[in-house]
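The structure appears below as structure tokens.
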Amino acid sequence: MAMNHLVRIGRISRLMQIACTLYLVLAPVMLLVIWLSFETLGPRWQTLQQLPIRPEYVGTLNLVLGAMVSALPLGLMMWGVWHLRMLFGQFRRGEIFNDRAAANLLVFARMLFITVLISPLISALLSLILTMSNPPGQRAITLSTGSNDLGQLFIAGLLLAVAWVLHEGHRIQSENEAFV
0 MAMNHLVRIG
10 RISRLMQIAC
20 TLYLVLAPVM
30 LLVIWLSFET
40 LGPRWQTLQQ
50 LPIRPEYVGT
60 LNLVLGAMVS
70 ALPLGLMMWG
80 VWHLRMLFGQ
90 FRRGEIFNDR
100 AAANLLVFAR
110 MLFITVLISP
120 LISALLSLIL
130 TMSNPPGQRA
140 ITLSTGSNDL
150 GQLFIAGLLL
160 AVAWVLHEGH
170 RIQSENEAFV
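To convert, note that position 99 of the sequence shown is 98 in numbering that gives the first Met the number 0; the numbers rise steadily by one, no gaps.
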């Protein structure tokens, strides 16, 4: 019966490893596409972010700065997802309760936590960057957060707790093996 569960864990872990790999490949491509096609997507951003973006004033400097600022949270998440991918690789191999698994989950949880915490700052910087070339009176800095951020903070906290439990479980298991 336990072997059947390990096989299922292996299958799900393989799928999650593939999903992580796709994220690592597609997320930077999508970021690049968004910034390279800003003329087409700019009006949509204006509606979504409720910013007074005037595409005629958004120049190359604005786009480069915007891409750089957007790359920061993406880079943090990619670092976390890289560790999540390694975690699922361990699960595939049946390595579930060990310090490396706990460490990989901990890195992902921390990156998610940090990304959510800096999200309002990133949003404010992007609003400044995208409107800084607007005429006076039409520039904006927006600071926003929402229930989605709270949900992500909850998930990050949950994963931090699970990583701690994994670490403690491994520590107790190691102590028990050394005692016997």
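All residues carry an ideal CB built from backbone N, CA and C; glycine is no exception.
Neighbourhood of residue i by C-beta, 7 Å cutoff - its chain only, sequence neighbours within 5 removed
i, result
"residue 12", "87, 90, 91"
Buried/exposed call for residue i, threshold 16 Cβ in 10 Å
i, result
"residue 110", "buried"
"residue 24", "exposed"
"residue 76", "buried"
"residue 39", "exposed"
"residue 155", "buried"
Straight-line gap, residue i to residue j (C-alpha atoms, nearest Å)
i, j, result
"residue 124", "residue 57", "15 Å"
"residue 37", "residue 65", "10 Å"
"residue 103", "residue 9", "17 Å"
"residue 106", "residue 72", "14 Å"
"residue 148", "residue 119", "9 Å"
"residue 164", "residue 101", "8 Å"
"residue 28", "residue 175", "48 Å"
"residue 115", "residue 173", "35 Å"
Same chain, Cβ closer than 6 Å to residue i, neighbours up to 5 away in sequence not counted
i, result
"residue 122", "143"
"residue 127", "140"
"residue 34", "62, 66"
"residue 169", "96, 97, 98"
Residue from the options with nearest C-alpha to residue i
i, options, result
"residue 99", "178, 22, 167", "167"
"residue 200", "96, 18, 33", "Here the chain has residues from 0 to 179 only, and residue 200 is not among them."
"residue 55", "131, 145, 81, 32", "131"
"residue 17", "175, 137, 81, 140", "81"
Backbone secondary structure at residue i - three-state DSSP
i, result
"residue 141", "coil"
"residue 112", "helix"
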